[in-house]
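Peer 1:
In this note's numbering, the protein residues as written are 16 to 162.
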């Protein structure tokens with residue numbers, strides 16, 4: 016029974032370590048996703064600002080060249096936004112996977128906690144029964160000596 020308790024405690028420790036590692040991965044993934052989303056938001060705003068600036072080029076000295084350069088830059092911004100959107104989608108999938116894994120690891124931890132607690136209680140009961148038996152034997156031994 017003590018070996019089983021030791022086993023559950025060892026498995027409980029491993030499950031706790033695995034859960035913490037998964038939790039850290041999930042935190043890193045969320046942080047990366049938020050940073051990428053912020054970059055995308057900044058690029059979308061930048062694209063809107065440059066698109067708005069196209070209207071003011073008609074009054075400058077060389078509007079065709081500036082419009083061409085700005086349109087080219089906007090095109091690159093759109094491509095970058097598309098790539099970031101795809102990366103965000105992948106990160107969302109990764110996060111969903113990590114959340115499922117975290118939930119599985121958490122369930123496993125709880126399972127081992129329960130098994131450890133049950134084994135500990137059973138061991139305590141067995142020890143208590145042994146102590147009671149020893150006490151009863153001592154009482155019987157004293158009674159038999161007195162008679």
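Ideal Cβ placement from N, Cα and C applies to all residues, glycine included.
For residue 124 versus residue 27, is the C-beta distance shorter than 8 Å?
Peer 2: In this structure, residue 124 sits near residue 27, with a CB-CB distance shorter than 8 Å.
Peer 1: Mind reading off the beta-carbon distance from residue 44 to residue 109? Whole number of angstroms is fine, and I expect it under 8 Å.
Peer 2: 6 Å
Peer 1: Among the residues of its own chain, which have a CB less than 8 Å from the CB of residue 95, if the five just before and after it don't count?
Peer 2: For residue 95, same chain residues with a beta-carbon under 8 Å away, outside a window of 5 residues either side, are 58 in chain order.
Peer 1: Along the chain, where does the alpha helix (DSSP H) containing residue 17 start, and where does it finish?
Peer 2: First-last of the alpha helix (DSSP H) with residue 17: 17-68.
Peer 1: Are the region 80-95 and the region 62-69 in contact at 8 Å, needing three or more beta carbon pairs?
Peer 2: A contact exists between the region 80-95 and the region 62-69.
Peer 1: Under the assumption that residue 89 contacts residue 54 (Cβ atoms under 8 Å), give the Cβ distance between them as a whole number of angstroms.
Peer 2: Not confirmed; about 17 Å, so no contact.
Peer 1: Just the C-alpha distance for residue 64 and residue 93, rounded to the nearest angstrom, thanks.
Peer 2: Computed Cα separation, rounded: 13 Å.
Peer 1: Quick check: does the Cβ of residue 25 come within less than 7 Å of any heavy atom belonging to the ligand GDP?
Peer 2: What this structure holds is no ligand at all, so the ligand GDP is not there to describe.
Peer 1: Determine the direct distance from the alpha carbon of residue 138 to that of residue 155, and round the result to whole angstroms.
Peer 2: 25 Å
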